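A.B. asks: When we follow our numbering, the leftmost residue of the sequence shown carries the number -4, and every step to the right adds one.
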Amino acid sequence: MHPDTILEDVLIKRSQQKKRTSPLNYKERVFVLTKSKLAYYEGKPERKTRKGFIDLQKIKCVEIVRNGGAAIPCQNKYPFQVCSCCPTVT
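Right under this line is the structure:
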């Protein structure tokens, strides 16, 4: 773990569905929280590829997600959504 890392763990990330025809899917991602950003990576922690990050100063709100009774595909069911002005995908 990098010295700047506050927390690193695997979370289930829902697809953004950028196109109307995109399927709704969920994928495991390694999330890394530092003092300045929340980054997420594809792959195993020791060999990960960064997929994107959110600058913590640009976060507008964090909301609990109500799934309308639909199943949430994970054991720890605490869904939340991070709203920011400009998410960055790398």
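We treat Cβ as the ideally placed atom computed from N, Cα and C, and that holds for glycine.
Please read these numbers as outputs of a predicted model, since none were measured by experiment.
Taking the alpha-carbon positions, what's the G38 to G47 distance?
C.D. replies: If you take the alpha carbons of G38 and G47, they lie about 13 Å apart.
A.B. asks: Can you check DSSP and say which residues form a bridge with L51?
C.D. replies: The partner list for L51 (beta bridge, DSSP) is empty, contrary to what the question assumes.
A.B. asks: If you compare alpha carbons, which of P74, R45, P(-2), L33 is closest to K53?
C.D. replies: For the residues P74, R45, P(-2), L33, the minimum Cα distance to K53 belongs to L33.
A.B. asks: Compare the C-alpha of L51 against each of V60, Y21, L28 and name the closest.
C.D. replies: For the residues V60, Y21, L28, the minimum Cα distance to L51 belongs to L28.
A.B. asks: What residues are listed by DSSP as bridge partners for V25?
C.D. replies: In DSSP, V25 forms a bridge with V5, Y36.
A.B. asks: Does the Cβ of V57 have 16 or more other Cβ atoms within 10 Å, making it buried, or fewer, making it exposed?
C.D. replies: Exposed is the call here.
A.B. asks: In angstroms with no decimal places, state the Cα-to-Cα distance between L6 and Y21.
C.D. replies: In a straight line, the C-alpha of L6 is about 10 Å away from that of Y21.
A.B. asks: Could you pull the DSSP bridge partners for S79 from this structure?
C.D. replies: Answer by DSSP bridge pairing, in chain order: I54.
A.B. asks: Would DSSP call K43 helix, strand or coil?
C.D. replies: Coil at K43, not helix or strand.
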